[in-house]
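Student: This is the structure I want to talk about, given as structure tokens.
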Amino acid sequence: MPFNRKLQKFSASINEVEIGTGDKAVKLGGQNVLPFYFFDGSLGNGCKIGVEISDLGIENDAEGVKAYYAGCNTIGEMAKKASEMPGADFVVLRLEGGDPNGLNKPVDELIAIVKEVADATDAPLVVEGCKNVEKDAELLPKVAEVLQGRNALIMSAKEENYKAVGAAAGLAYGQKVGAESAVDINLAKQLNVVLTQLGVAAQSIVMNTGSAAVGYGFDYTISTFDRVRAAALGQDDKMLQMPIITPVSSETWTVKESTASEEDEPAWGPVEERGVSMEVQTAVACLVSGSDAVIVKHPQTVATLSQLIKELA
Amino acid sequence: MALSGIQIFKLTPKKNCKECGSPTCMAFAMKVAQGAKKIEECPYMSDDALAQLSEATAPPMKTIKVGAGDNEHTLGGETVLYRHEKTFVNKTLYAAKVCSCMDDAEIEARLAQVPAVDYERISERMYTEMIYVNQAPSAGTDKFVELAKKAAAIRPVILDAKDEEAAKAAVDAVKDTKPVLMGANASNYEAFCKIAADAGVVLGVSGTSIEELYDTVAALEKLGNKNLIIDVTLDSIKATFEAAVLVRRTALKDNDRTFGYPSIVNLTKLTDDKTMEEALVTLFTMKYGSIVIVDKMDYATALPLYGLRQNLFTDPQKPMKVAPGIYPLNGADENSVCLTTVDFALTYFLVSGELERSGVPVNLVISDAGGLSVLTSWAAGKFSSTSISKYILENVADKVKSRKLIIPGKVAVLKGDLEAKLPGWEIVVAPLEAVQLVKFLKDMKANGEI
Ligand code: B12
Ligand code: SF4
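If you read the sequences in order, they're chains A and B.
The numbering of the first sequence is the working numbering, which starts it at 3 and goes up by one.
The numbering of the second sequence is the working numbering, which starts it at 325 and goes up by one.
Okay, here's the thing in structure tokens:
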């Protein structure tokens, strides 16, 4: 008997969500297959890559990142350069400095940065808050307001602050809403339910179902992706059909593998190589489990991921 | 594929003699279907029925062993496509490449590199388990055989022979180490099958398409060889990915046992770019490579990869925990400072590793935090000022004289409450990451704080 090729057909598909405007706009989702399973059906818009920049600058970044932005003096110049990184689809601005337990930069100062970035590039924009839920509840609605007309993705609305963030980004100012939950399919679904009950269109939501560096609790991340996709496609669960975006660089560049000096770990070889490997491997592991977009920062990572996505298209 | 009670019932003798302990053959069949009874408990089953049952209840994917003695590894035996459905059982193995086309210096360097990556991560040894020995057609048989012998002295080998003569010579030279013989394909499989079967080694099946692979496996099974591995490497990344997924899925989801074998992915045939290889080794670890061949394995590749593999293959039902208690490190005694973290095995491993590296005597205090990470247990209320202070007062205060407690940076918010609940104790907030501990403790020591 010859090989009988059986396809895994789903009647459901992942929502298509567009971010940005004009010819640089990108669409996420749209596929009716498991990640990269081109042989079963349509990959939709394929996986996308976001390049992270931060209000904290690049002082603590790898040499390759610094070299890439050499000559940039302002965050605006960096944003423009980020948007030109070969393989990049969109720019991600992280407002880390807002964290009350860190620099605690005032909202006005951060909003000025958002404006500067928006003026510097017409690439699609994703803005991440500072992770502190109270501060983000204050900051992100203002971000949504100043980015009116840009169709940006505002990260993140969480269980604790989804009303403030969701209402501003998803209702008042016509942006896309990033729904962030803690590595659990039920929490992811619940957040989408309450956001849609608030009035945010399901088609305006992109999920962040949790992220970690490989080796650091990543087992739960994988299983959450797998289960979310099984429910979205296999059971046609409308409240889990949002595309998934996963911040990778913010997890991978702080772990020991990417930070320990060669002096401390002579056998391990150059730090930067390890950092890139950690970022690449974590990003690929996310993409092959379910992320429609990953957020990374090293130019070599971006080049490799974009090549891989092309090879598998 | 599991049989239903009715299907099993049809195979029973239908005597209702109760000797199996069940009132009727039907009741017995139902219990067998649920796994509550074994078919052998009925003394009257015909040989034919038993054969049918064992075929039907055999696992969908064979378990194959490679290597000998301490170097023996088990491949395959998987029953699910996703780790949350049950658990993945036999982790992906990695092989580094040597080729008879390389000069001696290059070969020496590569063979020396293999044992160089070898370390422990949460009680698991992380190293390059195998060596892939490739025959360059131009280099002839002798050099290939010599290389096979050298490599097999270090790790179990995967022999990629280009012709029968080389295959036979190399296999015979190292057969006691239980290598894998690759290179059986649609045109030579009979000869390769004989070489592998005579030597009792696993045969790797290659092809130019999924269909061809399938036919060759079927033909080999017909010859009686079921000690196989399928080389899913095709002529592009895309085709190889498709083959890796379809081979596994056809076996596990569609119950077609012709593809019920472990797979090999040979990345050295797909890319010469190191970063791309890192991307691909991740891809094929996640999607169903039982053995993945890389050009070289160094720490940059290994550190994330082995962490990922460990995550992927852990049992999703079992959190990995360590026992609560006081762990005195670096010769700590009752006067040494206390430092606390959670009972999640990964966290314990990372933190204790750094503490040991610092050389500073520390009492590592572990309380019951549900086996969760620092922030997870904090968010779940299992690593709180109440739980920590209670543990310190009940289990630590009478054993340790130092009144200084270092807490993880990620729970800096607990400082105030802990000070209130532990009068007389000084609470010190450490950095966010364990890797920063060495410097932190050395600085504290230099400043006379501990
Ligand atoms: C995997 C995971 C889970 C797993 C648990 C796995 C486990 N065994 O812990 C599951 C899915 C069960 C889970 C559940 C929850 N989680 Co969770 N989870 C994660 C995830 C993705 C990784 C955690 C991990 O394994 N980290 C690796 C370990 C090694 O890290 P660690 O223990 O912190 O140790 C590091 C440092 O702290 C340091 N360190 C440790 N001790 C010490 C001591 C000293 C002195 C020093 C210097 C350093 C140090 O060393 C390590 C390396 O540097 C994180 C997100 C992330 N990327 O971190 C979220 C996260 C921790 N979870 C979160 C939440 C909210 C939850 C839930 C409460 C969700 C809910 N509402 O139900 C539940 C709670 C659990 C419950 N109810 O039982 C939040 C916490 C938010 C916050 N800031 O408070 C996070 C941050 C995700 C998020 N962004 O929302 N989670
Ligand atoms: S021992 Fe066999 S024949 Fe007798 S009742 Fe049980 S199943 Fe039926």
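The C-beta atom is built at its ideal place from N, Cα and C for all residues, glycine as well.
Note that the coordinates shown come from a computational prediction; the quantities given were computed from them, not determined experimentally.
My assumption, with CB atoms under 8 Å, is that Thr254 (chain A) sits in contact with Ser260 (chain A). Please give the rounded CB distance.
Tutor: Going by Cβ atoms, the distance from Thr254 (chain A) to Ser260 (chain A) rounds to 6 Å, so yes, they are a contact pair.
Student: Comparing alpha-carbon positions, which option in B:Val689, B:Lys763 and B:Lys706 lies nearest Glu658 (chain B)?
Tutor: Answer by Cα proximity: B:Val689.
Student: Tell me, please, whether the CB atom of Asn635 (chain B) is closer than 9 Å to any CB atom in chain A?
Tutor: Output row for Asn635 (chain B): interface = yes.
Student: Does any residue of chain A have a CB that is nearer than 9 Å to the CB of Met325 (chain B)?
Tutor: Confidence at Met325 (chain B) is low in this model, with a pLDDT of 48, below 50, so the placement of that residue is unreliable and no value is reported for it.
Student: Answer yes or no: the CB of Ile731 (chain B) versus the heavy atoms of the ligand B12, is any distance below 8 Å?
Tutor: Checking the Cβ of Ile731 (chain B) against the ligand B12 gives yes.
Student: Does the distance from the CB of Arg479 (chain B) to the CB of Val504 (chain B) come in under 9 Å?
Tutor: Not in contact: Arg479 (chain B) and Val504 (chain B) (Cβ atoms no closer than 9 Å).
Student: Run down chain A in chain order and give the residues with a C-beta less than 7 Å from the C-beta of Glu566 (chain B).
Tutor: Those within 7 Å of Glu566 (chain B) in chain A are Phe41.
Student: Run through chain B and tell me which residues come within less than 9 Å of Leu310 (chain A), C-beta to C-beta.
Tutor: Near Leu310 (chain A) (Cβ distances below 9 Å), the residues of chain B are Ile561, Met600, Ala603, Leu604 and Leu607.
Student: With distances taken from CA atoms, which of B:Gly391, B:Lys362 and B:Gln760 is nearest Thr256 (chain A)?
Tutor: Measuring from the Cα of Thr256 (chain A), the nearest candidate turns out to be B:Gln760.
Student: Who are the neighbours of Ser225 (chain A) on chain B, taking C-beta pairs under 7 Å?
Tutor: The answer, in chain order, is Arg407, His408 and Pro640.
Student: So is the beta-carbon of Ser328 (chain B) under 8 Å away from any non-hydrogen atom of the ligand SF4?
Tutor: Not under cutoff, so the answer is no.
Student: Is it the case that the segment 624–637 of chain B contacts the segment 563–570 of chain B, given that we only count it when at least three CB pairs across the two stretches are under 8 Å?
Tutor: Touching, no.
Student: When you check each C-beta in the segment 733–749 of chain B against every C-beta of chain A, which residues fall closer than 9 Å?
Tutor: Cβ contacts with chain A come from Ala736 and Val737.
Student: Please list the partners that Trp270 (chain A) has in chain B, where partner means a Cβ-to-Cβ separation under 8 Å.
Tutor: Tyr623, Ala624 and Leu627, listed in chain order.
Student: Tell me whether Lys107 (chain A) sits in a helix, a strand or coil according to DSSP, three-state version.
Tutor: If DSSP states are grouped into helix, strand and coil, Lys107 (chain A) belongs with coil.
Student: So the alpha helix (DSSP H) Asn635 (chain B) belongs to, where does it begin and stop?
Tutor: Where Asn635 (chain B) is concerned, the enclosing alpha helix (DSSP H) stretches over Tyr623 to Phe637.
Student: Check whether chain B comes within 9 Å of Phe220 (chain A), counting only Cβ atoms and requiring the distance to be less than that.
Tutor: True, the Cβ-Cβ gap to chain B drops below 9 Å.
Student: Taking 8 Å as the cut-off, is the C-beta of Thr700 (chain B) nearer than that to any heavy atom in the ligand B12?
Tutor: Checking every heavy atom of the ligand B12 against the Cβ of Thr700 (chain B), one is found closer than 8 Å.
Student: Given a threshold of 16 other Cβ atoms within 10 Å of its Cβ, counted over all protein chains shown, does Val167 (chain A) qualify as buried or as exposed?
Tutor: Under this definition Val167 (chain A) is a buried residue.
Student: Which value, in whole angstroms, describes the spacing of the CA atoms of Phe668 (chain B) and Asn654 (chain B)?
Tutor: Those two C-alpha atoms are separated by around 21 Å.
Student: Enumerated in chain order, which unbroken segments of the beta strand (DSSP E) with a length of 3 residues or greater are wholly contained in the segment 391–478 of chain B?
Tutor: Complete beta strand (DSSP E) runs here, min 3: 397–400, 417–423, 442–445, 448–451 and 454–458.
Student: Can we say the segment 135–147 of chain A touches the segment 39–50 of chain A, given the rule of at least three CB pairs closer than 8 Å?
Tutor: Contact between the segment 135–147 of chain A and the segment 39–50 of chain A is absent, because fewer than three Cβ pairs lie under 8 Å.
Student: Hey, quick one: how far does the alpha helix (DSSP H) through Pro301 (chain A) stretch, first residue to last?
Tutor: Note, Pro301 (chain A): alpha helix (DSSP H), Pro301 to Glu313.
Student: Taking the alpha-carbon positions, what's the Glu750 (chain B) to Gly740 (chain B) distance?
Tutor: About 10 Å.
Student: The beta strand (DSSP E) with Gly180 (chain A) in it runs from where to where?
Tutor: Start and end: Lys178 to Glu182.
Student: Report the rounded CA-to-CA distance for Met325 (chain B) versus Leu405 (chain B), giving the unit in angstroms.
Tutor: The pLDDT assigned to Met325 (chain B) is 48, lower than 50, so where the model puts this residue is not dependable; a value taken from the coordinates is nonetheless given after this. If I take the Cα positions, the gap works out to 15 Å.
Student: According to DSSP, simplified to helix, strand and coil, what is Phe516 (chain B)?
Tutor: Phe516 (chain B): helix per DSSP, three-state reduction.
Student: Taking one C-beta from the segment 25–41 of chain A and one from the segment 5–14 of chain A each time, how about it: are there three or more such pairs within less than 8 Å?
Tutor: Verdict: yes, contact present.
Student: Whose C-beta lies closer than 7 Å to the C-beta of Gly78 (chain A) among residues of the same chain, with five residues either side of it excluded?
Tutor: Contacts found: Glu118, Val119, Asp121 and Ala122.
Student: With which residues is Met385 (chain B) paired in a DSSP beta bridge?
Tutor: According to DSSP, which records beta bridges pairwise, Met385 (chain B) is partnered with nothing at all.
Student: Given this structure, state the Cα-to-Cα distance separating Asn590 (chain B) from Leu95 (chain A), to the nearest angstrom.
Tutor: So the two alpha carbons sit approximately 39 Å from each other.
Student: If Cys288 (chain A) and Ser213 (chain A) are in contact, beta carbons under 8 Å, what's the gap, nearest whole angstrom?
Tutor: Yes, they are in contact, since the Cβ atoms of Cys288 (chain A) and Ser213 (chain A) sit about 7 Å apart, within 8 Å.
Student: Report the residue ranges of all beta strand (DSSP E) runs contained in full by the segment 164–249 of chain A; include only those spanning at least 3 residues, in chain order.
Tutor: List check, beta strand (DSSP E) in window: 178–182, 207–210 and 247–249.
Student: Chain A beta carbons: is any one of them nearer than 9 Å to that of Leu435 (chain B)?
Tutor: No - not a single Cβ of chain A is within 9 Å of the one on Leu435 (chain B).
Student: With burial defined as no fewer than 16 other Cβ atoms inside 10 Å of the residue's Cβ, what is the status of Val290 (chain A): buried or exposed?
Tutor: Looking at its Cβ environment, which holds 16 or more other Cβ atoms inside 10 Å, Val290 (chain A) is buried.
Student: Against Thr256 (chain A), what residues of chain B qualify as contacts under a CB-to-CB distance less than 7 Å, listed in chain order?
Tutor: Ordered by position in chain B, the residues that pass the 7 Å Cβ test against Thr256 (chain A) are Glu757.
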